[in-house]
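Structure first, then comments.
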Amino acid sequence: MKIALGADHAGFELKENIKRLLAAEGVQVDDQGTHSTESVDYPDFARAVGEEVARRQADFGILVCGTGVGMSMSANKVPGIRAAKADTEYEAEMARAHNDANVLCLGARVTDAAMAAKLVRKFLETRFEAGRHQRRVDKIMSIERQGIDDLRLKVDD
Ligand code: RB5
């Protein structure tokens, strides 16, 4: 398994923790940065990780910013990405089992290292259940394919 990792300055320390955890478990990691606590813009890292996952150069992505919100908003703009911010193990599990999430977003200012380790483990060990959930995930992806202009026309009708 290969994981693409990314963080902004707020998520840097937690990202380093997660990198050590994954490496200790023999998981291949591609660290897209950032590499210090110097202020940077989270969309740059969300895009890099999102594109790596969308191109199937990594199995999953993990993104860390202060809240996880900006990373999830940004990563979800990359076609093919289903990014989920999770604060609880249940959310991390369901994001995989029901939503087939391919990127996990964490907030370093709301999630400590011990909880982050649990969230990462739960996310990576959980399989997508498909079945009825496949139809719903297909509908998510059809929204993406349809495009925002097309969608707006339908809403205005
Ligand atoms: C940086 O201060 C902070 O805005 C960022 O890490 C993130 O929380 C945004 O969603």
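For any residue, its number in the numbering used here is found by taking its place in the sequence shown, counting from 1, and adding 40.
Built from N, CA and C at the ideal position, the CB exists for glycine as well.
DSSP three-state assignment for residue i, whether helix, strand or coil
| i | result |
| --- | --- |
| ILE102 | strand |
| GLY110 | helix |
| VAL69 | strand |
| VAL118 | coil |
| ALA47 | strand |
| GLY171 | coil |
| VAL143 | strand |
| ALA148 | coil |
| ALA126 | coil |
Spatial distance of residue i from residue j (CA atoms)
| i | j | result |
| --- | --- | --- |
| THR166 | ARG60 | 21 Å |
| GLN72 | LYS179 | 30 Å |
| GLY110 | PRO83 | 7 Å |
| GLU56 | HIS138 | 28 Å |
| PHE100 | VAL143 | 6 Å |
| PHE52 | ALA141 | 22 Å |
| CYS105 | THR151 | 11 Å |
| LYS108 | GLN186 | Reading off the sequence, residue 108 comes out as Gly, not Lys. Cα-Cα distance, rounded: 27 Å. |
| MET155 | ARG136 | 17 Å |
| VAL69 | HIS173 | 29 Å |
| LYS117 | GLU65 | 31 Å |
| ALA88 | ASP127 | 23 Å |
| VAL35 | ILE102 | Any property of residue 35 remains undetermined from this structure, which presents the chain solely from 41 to 197. |
| ILE58 | LYS125 | 16 Å |
Contact check, residue i vs residue j, beta carbons under 8 Å
| i | j | result |
| --- | --- | --- |
| ALA272 | VAL93 | There is no way to answer for residue 272, as the model of the chain reaches only from 41 to 197. |
| ALA153 | LEU62 | no |
| PHE85 | ALA123 | no |
| ALA50 | ARG176 | no |
| ILE204 | GLY90 | Residue 204 lies beyond the stretch modelled for the chain, which goes from 41 to 197, so this question has no answer here. |
| GLU184 | PRO119 | yes |
| CYS145 | SER182 | no |
| ALA115 | LYS42 | no |
Given 8 Å, three or more beta-carbon pairs between the segment 157 to 165 and the segment 123 to 138: yes
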